[in-house]
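Protein chains: 2
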Amino acid sequence: MSKDAGQPSCPIAQTLGVFAGKWKPEILWNLKDQRLRFNELQRAVGGVSQKMLAQQLRELQRDGLVKRIQHQSIPPHVEYEATSLIKTLEPIFGELERWYKDNAPTVRRAQKKYAKNNPS
Amino acid sequence: MSKDAGQPSCPIAQTLGVFAGKWKPEILWNLKDQRLRFNELQRAVGGVSQKMLAQQLRELQRDGLVKRIQHQSIPPHVEYEATSLIKTLEPIFGELERWYKDNAPTVRRAQKKYAKNNPS
DNA sequence: CCGTATCCATAGGGATACTG
DNA sequence: CAGTATCCCTATGGATACGG
Numbered sequence: 000m001s002k003d004a005g006q007p008s009c010p011i012a013q014t015l016g017v018f019a020g021k022w023k024p025e026i027l028w029n030l031k032d033q034r035l036r037f038n039e040l041q042r043a044v045g046g047v048s049q050k051m052l053a054q055q056l057r058e059l060q061r062d063g064l065v066k067r068i069q070h071q072s073i074p075p076h077v078e079y080e081a082t083s084l085i086k087t088l089e090p091i092f093g094e095l096e097r098w099y100k101d102n103a104p105t106v107r108r109a110q111k112k113y114a115k116n117n118p119s
Numbered sequence: 000m001s002k003d004a005g006q007p008s009c010p011i012a013q014t015l016g017v018f019a020g021k022w023k024p025e026i027l028w029n030l031k032d033q034r035l036r037f038n039e040l041q042r043a044v045g046g047v048s049q050k051m052l053a054q055q056l057r058e059l060q061r062d063g064l065v066k067r068i069q070h071q072s073i074p075p076h077v078e079y080e081a082t083s084l085i086k087t088l089e090p091i092f093g094e095l096e097r098w099y100k101d102n103a104p105t106v107r108r109a110q111k112k113y114a115k116n117n118p119s
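Heads up: the protein sequence lines correspond to chains F and H, in order.
For the first sequence, the positions run 0 to 119 when numbering that gives the first Met the number 0 is used.
For the second sequence, the positions run 0 to 119 when numbering that gives the first Met the number 0 is used.
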């Protein structure tokens, strides 16, 4: 019991669900202004396994954020590109970036202070 | 091996790391305009276990987003409240909320379409 | 009342090997 | 090249019981 009904109640969590997966921000970040092939993307993201990359790309496609472009050729040639829906995320990305620029030091200090008070 | 260096490269991921944990958005959402006690918070969030709530609260304290207020009394009385740093997240929350309002239907449609094309 | 400690099941995710 | 399939280990997270 106490099974979650499924939908998180607040819209914040809903939106995060779409783009806040483990590798998604970096994938979107890299696709923001360029098409990339699978391997290029894997190198660009750095540290992601094939399995994870494929999976996250599938979810991004499902949610309409990324489009898969298959060129018929041998050897196969596939490119991924951001859809127009991604453009609507830009204000969010902008705010996230700005927040980091403005507040990262504050967070660092809080963490140091916390660490000092908590002999883990 | 192949241990990740630690820091994700893009600031987006950095910022998300601070507040995008599984229960954090809902915790912050509830603390936004009121102090709450541990049990109140647990009920408010809904579905979160004691263990998870305690853990997420610890992280939020560590990152300076939440303050723990301990009243000395028997039985113990503890309250959690948002710090001023949380205020700086509001533009982000605002954008996230707005995005959901504007684009949730689009995402739904994309998902339906994707499901139709992918007999999973 | 406010948590921590412990146990345990499940899902996440890496490495590797293989296919169209 | 662009993935899937498999194996396997670890981290996550729920339930329960206990301590300050």
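C-beta atoms are modelled at their ideal positions from N, C-alpha and C, and glycine is treated no differently.
The shortest C-alpha to C-alpha distance from Val65/H to any of Ile73/H, Glu80/H, Ser72/H is the one to Glu80/H. Taking 9 angstroms as the threshold, the shortest C-beta distance from Asp101/F to chain H falls below it. Residues of chain F with a Cβ closer than 7 angstroms to the Cβ of Tyr113/H are, in chain order, Gln60, Arg61.
No Cβ-Cβ contact shorter than 9 angstroms links Ala109/F with Gly16/H. The beta carbon of Leu52/F lies closer than 6 angstroms to those of Gln41 in the same chain, with the five residues before and after it left out. Under the 8 angstroms Cβ criterion, the stretch 69-78 of chain H does not count as touching the stretch 17-30 of chain H, having fewer than three qualifying pairs. Rounded to the nearest angstrom, the gap between the Cα atoms of Asn102/F and Gln60/H is 15 angstroms. Contacts with chain H (Cβ-Cβ distance below 9 angstroms) from the stretch 83-101 of chain F involve Leu84, Thr87, Leu88, Pro90, Ile91, Phe92, Gly93, Glu94, Leu95, Glu96, Arg97, Trp98, Tyr99, Lys100, Asp101, listed in chain order.
Assignment of Lys31/F by DSSP, reduced to helix, strand and coil, places it in the coil class. As the crow flies, the alpha-carbon of Glu39/H is around 32 angstroms from that of Ile11/H.
The C-beta of Glu80/F comes no closer than 9 angstroms to any C-beta of chain H. Contact check for Trp28/F against Thr14/H fails: the beta carbons are separated by 9 angstroms or more.
If you ignore the 5 residues before and after Leu88/F, its C-beta comes within less than 8 angstroms of the C-beta of Phe18, Leu27, Leu64, all in its own chain and listed in chain order. Of the candidates Glu96/F, Cys9/F, Glu58/F, the residue whose Cα lies closest to the Cα of Gly20/F is Glu58/F.
For Lys100/H, the enclosing alpha helix (DSSP H) begins and ends at 89-116. Within chain H, the residues placing a beta-carbon under 8 angstroms from that of Gln13/F are Tyr99, Ala103, ordered along the chain.
Within the stretch 11-64 of chain H, the runs of alpha helix (DSSP H) at least 4 residues long that lie entirely inside it are, in chain order, 23-30, 37-44, 49-61. Considering only Cys9/F, Lys31/F, Leu35/F, Leu30/F, the residue with the shortest C-alpha distance to Glu78/F is Leu35/F. Against chain F, the beta carbon of Gln41/H has no neighbour under 8 angstroms; the closest one sits roughly 11 angstroms away. Counting along the chain, the unbroken alpha helix (DSSP H) around Ser83/F starts and ends at 83-86. Counting the other Cβ atoms within 10 Å of the Cβ of Ile91/F gives 16 or more, which makes it buried. When Thr105/H, Cys9/H, Leu84/H, Asn116/H are compared, the shortest CA-CA separation from Val44/F is found for Cys9/H.
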